[in-house]
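Scroll down for the structure; my scribbles are underneath it.
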Amino acid sequence: MTAEVREQPIKIYFTDRVLAKTLLRLIPKKVLPNYITATRLLMVPWVTLFIWLGNYWVGLILFLVASLTDALDGALARTRNQITEWGKLFDPLADKLLICTVVFVLVLKYVDFFTAWVIIIIESVIVVAALLKKRNGTDIQANFWGKIKMILQVAGVAFLLLSLVFNLDALIPVSRGTFYAAIAFAIISFFTYSI
């Protein structure tokens, strides 16, 4: 999980610059982006367990922290030139595991069957397509549409958890609409995925 030198220029996003001026300054140089990705992978079972047990408050906090690590590891890798093959493979995998497990446990129960399964199927297809392209030697990189999709998925889960924590039924339709938008961006992301 050590950093590897890249020959291609690294695309730095606006959010990377914002994070580099704020939160990334708090992360010591010895903390590699892959450590943050591994932490997210390790958090997935805990997030899922607390949500499954109905402890939505703890589940919400853990989910938001895990989601924040997604922004941090990518920005850290790009701004510190620490992009690795391991990170390019496991960062999106960790995202999809986090989203799919929470969607399976939460959205299936509180939103609807169709929305949950469409999200899980699209995410699974993206993983398979990425692995096939990776096997053929194509470089895997996230795209703008995929980032929007992930933000919408995180927002949809957060709205749903907030509705459960604070008994705000009005947030469930907001969550549902956010998931519908996430599905649209997932489809766009799939067809424009630069992998």
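Letter by letter, the sequence shown follows residues 4 to 198 in our numbering.
For glycine and all other residues, C-beta sits at the position ideal for the given N, C-alpha and C.
All figures in this text were calculated on a predicted structure; none of them were measured in a lab.
Beta-carbon gap between residue i and residue j smaller than 8 Å
| i | j | result |
| --- | --- | --- |
| LEU75 | LEU155 | no |
| PHE188 | VAL110 | no |
| PHE107 | ALA119 | yes |
| TYR59 | VAL157 | no |
| LEU100 | LEU65 | no |
| VAL47 | GLY62 | no |
| VAL160 | VAL105 | yes |
| PHE193 | ILE125 | yes |
| LEU27 | LEU71 | no |
Pairwise C-alpha distance: residue j and residue i
| i | j | result |
| --- | --- | --- |
| THR195 | TRP55 | 34 Å |
| TYR113 | PRO12 | 44 Å |
| ILE122 | LEU29 | 34 Å |
| LEU165 | PRO95 | 25 Å |
| ARG83 | GLY57 | 39 Å |
| LYS14 | ARG81 | 7 Å |
| PHE162 | VAL34 | 31 Å |
| LYS136 | PHE93 | 15 Å |
Counted within 10 angstroms of its Cβ, other Cβ atoms place residue i as buried (16 or more) or exposed
| i | result |
| --- | --- |
| GLY90 | buried |
| ASP73 | buried |
| LYS32 | exposed |
| LEU171 | exposed |
| ASP115 | exposed |
| ALA133 | buried |
The ligand NAP heavy atom lying under 7 Å from the CB of residue i
| i | result |
| --- | --- |
| ALA187 | This structure lacks the ligand NAP, and indeed carries no ligand of any kind. |
Completely contained alpha helix (DSSP H) runs for the region 32-86, where each covers 4 or more residues: 36-55, 59-82
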